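Trainee: Structure in structure tokens, see below.
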Amino acid sequence: MARSIQAVRGMNDILPDQEHIWEFFEQTIREWVVAYGYRNIRMPIVEHTDLFVRSIGAVTDIVEKEMYTFLDHLNGDSLTLRPEGTASCVRAALEHNLLYAGPQRLYYSGPMFRHERPQKGRYRQFHQVGVEALGYTGPDIDAELIVMCADLWKRLGISNVCLQISTLGSVESRILYRSRLIEYLEKNLDKLDEDARRRLYSNPLRVLDRKNPEMQEIIGDAPGLLENLDEDSLRHSDKLQQILIDQGIEFEINPRLVRGLDYYNRTVFEWGTDKLGAQGTICAGGRYDGLVEQIGGKPTPACGFAMGVERLLALIAECGKEIPNSVLDVYVIHHGESTDGPTWKTVGYLRNQGLNVILHCGGGGFKAQMKKANASGARFAVILGEDEIQAGVISVKPLREEVKQVKIGLVEAVGLLKGI
């Protein structure tokens with residue numbers, strides 16, 4: 003026997019029994035983003051590697067350790083399966099001149115790829131929904147993104163999530179802060195772990211995000227970014243906080259909140275939960291005013307966020323929300339071959355009336371077919387025997403209620419089958 007082939011580790015199948023949960027989530031997302039005026043954009047899952055190196059930053063975990071990068075042997079290009087969506091979205095907006103028409107509200111969804119150790123809430127192929135607002139300068143758009151998230155949690159039936167916000171300041175203020183932080187870390191070099199030493203000069207702000215318990219005292223005593231901000235960034239942050247307060251959105255200011263990608267500036271935020279263990283961040287984002295220029299466009303303000311679908315689905319389940327399965331209305335049981343004209347005519351008519359119908363296939367007597375109908379989850383069995391075909395009627399048998407089977411005309415049966 004040939005060896006069975008299984009899915010790649012960390013890349014999971016989504017089975018039919020899970021489909022209704024994904025369908026509920028995706029439908030909720032579509033209604034939600036449209037309510038805020040965001041339009042869908044769909045980017046390829048493969049991009050030139052340089053896009054991510056240039057935007058995310060060469061000295062980041064994603065670029066150094068996690069990207070699925072390969073050489074296209076047909077033309078020698080270095081290509082990468084997208085590890086996140088913001089860079090691809092900005093690239094697409096620039097390539098197709100979307101920003102010439104003015105600011106853009108865009109959203110996307112789909113699979114992302116990172117070579118990480120698979121665990122609950124962290125997979126090598128995972129799904130994200132991302133929202134990007136390109137061309138907006140003020141704190142009002144930052145606030146709208148956060149308000150959107152709070153609205154979505156209600157729509158999904160999610161509770162017990164908390165919001166942390168901070169500000170990274172302008173590029174100039176970060177450069178000054180970076181110098182102060184390096185100077186502080188150099189004085190405590192013997193207390194830094196290997197990864198912190200490696201990042202000391204290339205990406206020192208990431209040292210503040212280390213989870214190593216032995217480094218928490220060093221990190222806690224480090225100079226604070228919020229104490230080194232420029233006035234414009236402080237005003238931007240103050241206005242954002244005031245809007246959130248006015249909207250009744252609770253938040254915590256976390257001065258150690260450092261996003262893992264190089265392109266962020268000013269506003270950064272994370273939504274998290276304690277119901278998912280170590281993988282508690284369900285949504286994160288912020289402002290990235292320099293990214294458009296970094297990728298090759300004109301200086302353009304921008305901000306956005308991304309959320310992990312698998313983590314949100316797990317949180318929906320933890321919060322106990324009941325998601326109804328897709329409803330199958332009718333299972334058609336018939337006499338003789340399923341190619342009989344009256345059978346196909348009946349099935350076609352019912353489907354055209356908006357009913358979900360399974361036609362029994364594969365032969366078998368009425369008893370065997372009825373067992374299949376009961377197991378299908380359909381609300382009704384429609385029976386087409388010789389008597390029904392000759393009389394020009396159908397028999398309708400409720401499968402989920404103790405109600406008698408009735409013979410009825412096809413047109414009249416539609417109201418019964420729809421529950422009207």
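Taking the working numbering, the leading residue of the sequence shown gets 3, the next gets one more, and so forth.
The beta-carbon is built from N, C-alpha and C at its ideal position, and this holds for glycine as well.
Nothing here was measured: the structure is a model prediction, and the numbers come from that model.
#1: Please confirm if the stretch 223–242 is in contact with the stretch 163–181, defined as three or more CB-CB distances below 8 Å between the two stretches.
#2: By Cβ distance below 6 Å, which residues in the same chain neighbour threonine 424 in space, the five residues on each side in sequence not counted?
#3: Just reading off the alpha helix (DSSP H) that threonine 283 is part of, what are its end residues?
#4: Kindly indicate the opening and closing residues of the beta strand (DSSP E) around alanine 135.
#5: Hey, is the stretch 135–153 in contact with the stretch 112–125, meaning 3+ C-beta pairs nearer than 8 Å?
#6: Determine the extent of the beta strand (DSSP E) in which threonine 302 is found, giving its start and end residues.
#7: How many angstroms separate the CA atom of asparagine 190 from the CA atom of aspartate 223?
#8: Is it a yes or a no for the stretch 319–331 touching the stretch 8–27, going by three-plus beta-carbon pairs under 8 Å?
#9: Could you tell me the alpha carbon to alpha carbon distance between tyrosine 109 and proline 257, rounded to whole angstroms?
#10: Just to check my reading of the structure: threonine 283 and asparagine 162 have Cβ atoms closer than 8 Å, yes? What is that Cβ distance to the nearest angstrom?
#11: Return the bridge partner residues of tryptophan 273 from the DSSP annotation.
#12: Can you list, in chain order, the residues of its chain with a C-beta nearer than 8 Å to that of aspartate 195? Leave out the 5 residues immediately preceding and following it.
#13: Does DSSP put threonine 345 in a helix, in a strand, or in coil?
#14: Take the Cβ of asparagine 205 as the centre, count every other Cβ of all protein chains shown within 10 Å, and call the residue buried at 16 or more, exposed below.
#15: Taking all protein chains shown into account, do 16 or more other C-beta atoms lie within 10 angstroms of the C-beta of valine 209, making it buried, or fewer, making it exposed?
#16: Between which residues of its own chain and isoleucine 245 is the CB-CB distance below 6 Å, once the five residues before and five after are set aside?
#17: Note the first and the last residue of the continuous beta strand (DSSP E) segment covering histidine 50.
#18: Could you check what DSSP says for alanine 4 in three-state terms: helix, strand or coil?
#19: For leucine 17, count the other beta carbons within 10 Å of its own beta carbon; 16 or more makes it buried, fewer makes it exposed. Which is it?
#20: Keeping to the same chain, check which residues put their C-beta closer than 7 Å to that of tryptophan 2; ignore five residues upstream and five downstream.
#21: Can you check DSSP and say which residues form a bridge with threonine 71?
#22: Taking just the CA atoms, how far does glycine 112 sit from glutamine 381?
#23: Kindly give me the distance between the Cβ atoms of methionine 412 and threonine 348, rounded to whole angstroms, as I take these residues to be in contact under 8 Å.
#24: Taking all protein chains shown into account, do 16 or more other C-beta atoms lie within 10 angstroms of the C-beta of isoleucine 318, making it buried, or fewer, making it exposed?
#25: Does the distance from the CB of valine 359 to the CB of valine 332 come in under 8 Å?
#26: Ends of the beta strand (DSSP E) at glutamine 106?
#27: What number of angstroms, rounded off, separates the C-alpha of tyrosine 40 from the C-alpha of tryptophan 273?
#28: Along the chain, where does the alpha helix (DSSP H) containing isoleucine 43 start, and where does it finish?
#29: Alpha carbon to alpha carbon, what distance is there between isoleucine 43 and valine 35?
#30: Considering only DSSP beta bridges, list what tyrosine 333 is partnered with.
#31: Please report the Cβ distance between leucine 315 and alanine 304, rounded to the nearest whole angstrom; I am assuming they are in contact, meaning their Cβ atoms lie under 8 Å.
#32: Under three-state DSSP, which class holds glycine 423?
#33: Could you have a look at glutamate 252 and say whether DSSP puts it in helix, strand or coil?
#34: By Cβ distance, which residues of its chain are closer than 8 Å to alanine 9, with the 5 residues on each side in sequence left out?
#35: What are the boundary residues of the beta strand (DSSP E) that proline 400 is part of?
#36: For glycine 288 versus alanine 308, is the C-beta distance shorter than 8 Å?
Mentor: Let me spell this out:
#1: yes
#2: Here the chain has residues from 3 to 422 only, and residue 424 is not among them.
#3: Looking at the DSSP string, threonine 283 is not in any alpha helix (DSSP H); the run it does join, the beta strand (DSSP E), is 283–289.
#4: 127–136
#5: no
#6: From DSSP, threonine 302 is part of no beta strand (DSSP E); its letter is neither H nor E.
#7: 11 Å
#8: yes
#9: 29 Å
#10: Between asparagine 162 and threonine 283 the Cβ distance is about 14 Å, and since that is not below 8 Å, they are no contact.
#11: Leu165, Cys285
#12: Arg212, Asn214, Glu216, Met217
#13: helix
#14: buried
#15: buried
#16: Ala145
#17: 48–50
#18: coil
#19: exposed
#20: With the chain represented from 3 up to 422, any question about residue 2 goes unanswered, as that position is not in the structure.
#21: Thr82
#22: Checking the displayed sequence, the identity of residue 381 turns out to be arginine instead of glutamine. Distance between the alpha carbons of arginine 381 and glycine 112 is about 34 Å.
#23: Checking the sequence shown, residue 412 turns out to be leucine, not methionine. Yes, leucine 412 and threonine 348 are in contact; Cβ-Cβ is about 6 Å, under 8 Å.
#24: buried
#25: yes
#26: 106–115
#27: 21 Å
#28: Isoleucine 43 -> no alpha helix (DSSP H), and no H or E assigned at all.
#29: 12 Å
#30: Ile360, Ala383
#31: In fact, because the Cβ distance is near 28 Å, the residues do not count as touching under 8 Å.
#32: Outside the modelled stretch of the chain, which goes from 3 to 422, sits residue 423, for which no answer is possible.
#33: coil
#34: Asp15
#35: 396–400
#36: no
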